[in-house]
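The structure appears right after this line, and notes come after that.
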Amino acid sequence: MSKLDIFRKEWLEVVFADKNKAYGAYQLRKGSANNTTKALLYGSVVFLILFFSPKIYSLIKGAIPEEEKLKAQEVVLSPPPPVNPETPPPPPVEPPPPKVDQVKMPPPIVKPDIEVQDEPPTVEKLKEADPGQKDIKGDPTADIVIAEPVGEGPKREAAVAVDDNKVYDFVSIEKVPEFPGGMSKFYAFLQKTMKYPPMAQENNVQGKVWLSFVVERNGELTDIVVTRGLGSGTDEEAKRVLKASPRWVPGIQNGKPVRVKYNININFTLQ
Numbered sequence: 001m002s003k004l005d006i007f008r009k010e011w012l013e014v015v016f017a018d019k020n021k022a023y024g025a026y027q028l029r030k031g032s033a034n035n036t037t038k039a040l041l042y043g044s045v046v047f048l049i050l051f052f053s054p055k056i057y058s059l060i061k062g063a064i065p066e067e068e069k070l071k072a073q074e075v076v077l078s079p080p081p082p083v084n085p086e087t088p089p090p091p092p093v094e095p096p097p098p099k100v101d102q103v104k105m106p107p108p109i110v111k112p113d114i115e116v117q118d119e120p121p122t123v124e125k126l127k128e129a130d131p132g133q134k135d136i137k138g139d140p141t142a143d144i145v146i147a148e149p150v151g152e153g154p155k156r157e158a159a160v161a162v163d164d165n166k167v168y169d170f171v172s173i174e175k176v177p178e179f180p181g182g183m184s185k186f187y188a189f190l191q192k193t194m195k196y197p198p199m200a201q202e203n204n205v206q207g208k209v210w211l212s213f214v215v216e217r218n219g220e221l222t223d224i225v226v227t228r229g230l231g232s233g234t235d236e237e238a239k240r241v242l243k244a245s246p247r248w249v250p251g252i253q254n255g256k257p258v259r260v261k262y263n264i265n266i267n268f269t270l271q
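If you're matching positions, the sequence shown starts at 1 in the UniProt record's numbering and goes up one per residue.
So, in structure tokens, the structure goes:
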């Protein structure tokens, strides 16, 4: 069976037989094929013009002769003024006197005793003055000057200021706080001080109570909080034991004691 093509003109005549063919639908269907072909053709032409317009523009631009061209200009630098060899160089600038007296410290050179002319300064003299390349009388009113390396050489790292009120995490500081004598002493303190709550004994409650607290700069424990508890009086007993703890050795950051947050767990076990 052949495929039925309802867009053929024969079908159009059958559909509009004995009807008003001057009506717009008949005219639109009759000229739809021509209109579609024209639209496709016009659209293809516009697309090709837009697609090749950059290439056409470059060809047209290249065909236009350039009236002015840039030319490289040679820059002539004037020679420096001649140097008079008879002109003496400027005298070196002497640095200001130091705040503390300075004594000459000769470099260590092995010589016979009879050829030694400069005696090294004694220990008592070095307690009053700093060693240097020559003897300089100090000025007590002078400012203290710290010489820095010049250029891209190694420089002193700036000291990091420590915020006294900041609470540091114990994994990010130089020295973590600890119980006096170490953690073995701390567990011994817990075993001696902790009392099993009667309610927890009756209900056979066992497990770990997790707490967090802050070790202050003086070693005192503050901000004791139960982060995960067991109930039946174990949470309160764990906080009571930590409050009764002696002062810890505080944490150190940049050589100074700081506040450090510490996490710990206390195990409740019935025997």
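Built from N, CA and C at the ideal position, the CB exists for glycine as well.
DSSP, reduced to helix, strand and coil, places Thr122 outside both helices and strands of the structure shown, so it counts as coil. As summarised for the region 187-253, the continuous beta strand (DSSP E) elements at least 3 residues long and confined to that stretch are 207-215, 221-228 and 251-253, given in chain order. Less than 8 angstroms separates the beta-carbon of Ile266 from that of Lys208.
For the 8 angstroms CB-CB criterion, Lys261 and Val214 form a contact. For Pro257, the enclosing beta strand (DSSP E) stretches over residues Lys256 to Phe268.
Note: Val167 is bridge-paired with Arg259 in the DSSP secondary-structure output. Distance check between Met194 and each of Phe268, Pro79 and Pro246 places Phe268 closest, using alpha-carbon atoms only. Shown here for Ser232: same chain residues with a beta carbon closer than 7 angstroms to its own, the five before and five after excluded, namely Pro197, Met199, Ala200, Asn203 and Val205 in chain order. The three-state reading of DSSP puts Lys55 in helix, counting H, G and I together. Here Val249 is near Pro177, since their CB atoms are less than 8 angstroms apart. Around the CB of Glu237, 16 or more other CB atoms lie within 10 Å, so the residue is classed as buried. Excluding sequence positions up to five before and after Glu174, its CB lies within less than 6 angstroms of the CB of Ile252 and Gln253, all in the same chain and listed in chain order. Under DSSP, Lys175 forms a beta bridge with Ile252. Straight-line measurement puts the Cα of Gly181 at about 20 angstroms from the Cα of Thr222. One alpha carbon belongs to Asn34, the other to Leu59, and they sit about 36 angstroms apart.
Burial check for Thr234: the Cβ neighbour count within 10 Å reaches 16 or more, so the residue is buried.
Closest option to Gly255, judged by alpha-carbon separation, among Arg217, Pro246 and Asn263: Arg217. Tyr168 has its alpha-carbon roughly 55 angstroms from the corresponding atom of Pro91. Assigned with DSSP and collapsed to three states, Val93 falls in coil, not helix or strand.
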